[in-house]
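Each remark here refers to the structure printed beneath this line.
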Amino acid sequence: MNIIGKVIEILPVAKGNTTKGSWKKQSFILETEGTYPKKVCIDLWGDKIESVNLSHGMVVDASVEVASRAYNGRWFTDVKAWRIVQVPDIVETQSLGDPQKMVEQISGNREIDDLPF
1425 MNIIGKVIEI LPVAKGNTTK GSWKKQSFIL ETEGTYPKKV CIDLWGDKIE SVNLSHGMVV
1485 DASVEVASRA YNGRWFTDVK AWRIVQVPDI VETQSLGDPQ KMVEQISGNR EIDDLPF
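Numbered by my numbering, the letters in the sequence shown go through residues 1425 to 1541 in order.
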């Protein structure tokens, strides 16, 4: 799943240790464009933090994995980024109102076929 939007906040890196070893994650808030913009908190884990150079106001295409888990009778959902790509400057200067048009511009105006067959 891909989410395209503007980075509006970058949270501090969180670190910790478990029996399996040390871990670190950085969360950032992405705001989508359109009639009903949404704010999504996305996590970067481990070495991906250094490989992605996020900055406030940057427009990115985030490939994410969404997973939920139960703990003590409550459900928690994680949105983990496995790839972050900065949207080309030509798209940044245009209105981000239509997500389908933005995806077409990023993909080089190729026909996008979501069917698996």
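For glycine and all other residues, C-beta sits at the position ideal for the given N, C-alpha and C.
(message) Using a 10 Å radius around the Cβ and a threshold of 16 neighbouring Cβ atoms, would you call G1429 buried or exposed?
(response) By the C-beta density criterion, G1429 is buried, having at least 16 other C-beta atoms within 10 angstroms.
(message) Can you tell me whether S1475 is helix, strand or coil according to DSSP?
(response) S1475: helix per DSSP, three-state reduction.
(message) Can you look up N1496 in the DSSP assignment and give me helix, strand or coil?
(response) coil
(request) Whole angstroms is fine: what's the gap from V1490's alpha carbon to G1445's? (result) 24 Å
(message) So, at 6 Å on beta carbons, what are the nonlocal neighbours of I1508 in its own chain, with the 5 sequence-adjacent residues on each side left out?
(response) V1476, V1484, A1486
(request) Return yes when the C-beta of T1459 is under 7 Å from any heavy atom of the ligand GDP, and no when it is not. (result) Questions concerning the ligand GDP fall outside what the structure shown contains, since it holds no ligand whatsoever.
(request) Can you grab the Cα-Cα spacing for the pair K1472 / P1461, in whole Å? (result) The C-alpha of K1472 lies about 26 Å from the C-alpha of P1461.
(request) Could you name the residues of the same chain whose beta carbon sits closer than 6 Å to that of T1501, not counting the 5 residues immediately before and after it, in chain order? (result) The beta carbon of T1501 sits closer than 6 Å to those of S1492, all from its chain and outside the five residues before and after it, given in chain order.
(message) On a Cα-Cα basis, can you pick out the residue from Y1495, G1440, L1478, K1463 that is closest to V1503?
(response) If we check each option's Cα against that of V1503, K1463 comes out closest.
(request) Could you tell me the boundaries of the beta strand (DSSP E) in which L1435 lies? (result) First-last for L1435: undefined, no H or E at that position.
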